[in-house]
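Take the sequence shown: its position 159, counted from the start at 1, is 159 in full-length UniProt numbering, and no numbers get skipped.
Heads up, the beta-carbon is just placed ideally off N, CA and C, and yes, glycines get one too.
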Amino acid sequence: MSGYQAAGREFYPALCSYFVPAIICNASLLQVRPMVTSKLALTCCKLVSHLHSCRIKFALTKECHDHAGDGNIGVNCSIAKIGLFKRRSIKILETDWKSLEFEVYYQVNPNVLSDQLPAGVEILPYQPSYLEAVLTYDRSLIGYERKSIIEASCNEKDGSQTLVAMKDGRCVGFGSIKLTILGLGRVSPLYADDASVAEAMVKRLIPTLPEAKGFTIVTISSNILGNMMLEKFQIPVHDNIYRLYKKEKVKVDTNKVFAHFDIDFSPF
């Protein structure tokens with residue numbers, strides 16, 4: 001593979017002429033995004049990129065629709081690709097928010113963030129005894145069970161740190177930072193009932209990856225307090241990502257979603 005395009009986003013020249021989706025299926029939504037940033041998607045796309053055939057585009061799109069059946073399909077895409085998906089009957093545009101991707105190739109200063117917490121809240125390094133509390137919080141926010149992926153994410157060791165916010169024995173937020181294949185520290189996910197808790201977690205997460213060459217996070221535009229936190233770093237928006245659905249919008253409390261779990265493999 002040669003070279004990156006679009007300021008570091010992992011598009012590959014061999015993939016530009018056809019559509020290579022990443023797919024996630026949960027209780028109510030099949031998600032497709034023609035962008036490659038995760039290790040799994042990157043591995044798949046490296047294999048596919050050797051097959052120089054436009055039939056890949058149609059075959060994979062058909063697989064997505066067939067897999068979804070009568071279920072919903074969600075797409076995250078750039079503004080240039082909205083028309084493409086609408087022609088494939090994925091027409092319902094999320095108009096209440098869009099995803100904002102921040103990405104810089106230098107270390108940000110966590111000291112500009114506040115560390116003040118609401119009364120009774122403490123932020124602790126994740127340990128297995130917190131798993132059920134974290135799962136309960138995640139389920140109440142996202143609306144379905146994600147035990148396998150949450151447990152795997154929290155237990156990841158190398159280049160990863162997860163913090164849990166607890167109050168009176170219950171989880172009121174959690175967040176992780178992970179080293180990407182480009183060597184950036186990516187905060188994902190970041191969920192919290194209170195913006196001050198989210199900010200304090202980011203302040204504490206960043207120093208746990210001193211080897212990171214930069215910083216990246218994907219927020220939701222309607223979460224004003226969350227994006228005010230990013231303004232303290234004085235970093236620009238790297239990309240605007242739009243959401244479309246086939247049947248209906250998926251609703252969660254986006255004021256508690258301060259960073260996507262994974263823009264490629266999870267709806268929030």
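Check                                                                                                                                              : Outcome
Proximity below 9 Å, CB of A195 to CB of M228                                                                                                      : yes
Residue 271 in three-state terms, based on DSSP                                                                                                    : Outside the displayed span of the chain (1 to 268) sits residue 271, for which this structure offers no information.
Proximity of L163 and P125 at Cβ, strictly below 9 Å                                                                                               : yes
Segments of 3+ residues assigned as beta strand (DSSP E) that fall wholly inside the UniProt domain "YitH/HolE acetyltransferase (GNAT)" (134-259) : 160-167, 170-179, 184-192, 214-220, 237-245, 257-259
Span of the beta strand (DSSP E) around I123                                                                                                       : 121-125
CA-to-CA distance, Q234 to K213, given in whole angstroms                                                                                          : 17 Å
Residue interval of the beta strand (DSSP E) (run including L100)                                                                                  : 99-104
Touching by the beta-carbon criterion (3+ pairs, under 8 Å), the region 116-125 and the region 245-253                                             : no
Three-way DSSP call (helix, strand, coil) for I82 in this model                                                                                    : helix
Whole-Å CB distance - T180 paired with L100, under 8 Å assumed                                                                                     : Wrong, their Cβ atoms sit about 17 Å apart, outside the cutoff.
K98 versus Y130: straight-line alpha-carbon distance, rounded                                                                                      : 31 Å
Chain-order list of residues whose beta-carbon lies under 8 Å from that of G183 (same chain, five-residue window excluded)                         : E211, A212, K213, G214
Residue range of the beta strand (DSSP E) that includes N109                                                                                       : Element bounds for N109: n/a, residue is neither H nor E.
Those residues which DSSP pairs with L93 across a bridge                                                                                           : L244
Contacts around S140, its chain only, beta-carbon distance under 8 Å, and the 5 residues preceding and following it disregarded                    : none
DSSP-derived helix/strand/coil call for T37                                                                                                        : Since pLDDT at T37 reaches only 34, below the 50 mark, its modelled position is unreliable, and no value is offered.
Distance between R88 and A80 (C-alpha atoms, nearest Å)                                                                                            : 15 Å
Separation of G83 from D158, as counted between CA atoms                                                                                           : 40 Å
Whole-number beta carbon distance between A200 and residue 277, since they are thought to touch under 8 Å                                          : Shown here, the chain extends from 1 to 268; a query on residue 277 therefore has no answer.
Distance between N240 and N223 (C-alpha atoms, nearest Å)                                                                                          : 14 Å
Between the CA atoms of T136 and V257 - distance to the nearest angstrom                                                                           : 15 Å
Contact under 9 Å by Cβ, P267 with G74                                                                                                             : yes
Assigned secondary structure, L42 (DSSP; H/G/I helix, E/B strand, else coil)                                                                       : Low per-residue confidence applies at L42: pLDDT is 35, beneath 50, and the placement is therefore not dependable, though the value from the model is reported in the following sentence. Residue state, collapsed to three classes: helix.
Of the listed residues P207, R170, D168, nearest to R186 (C-alpha basis)                                                                           : P207
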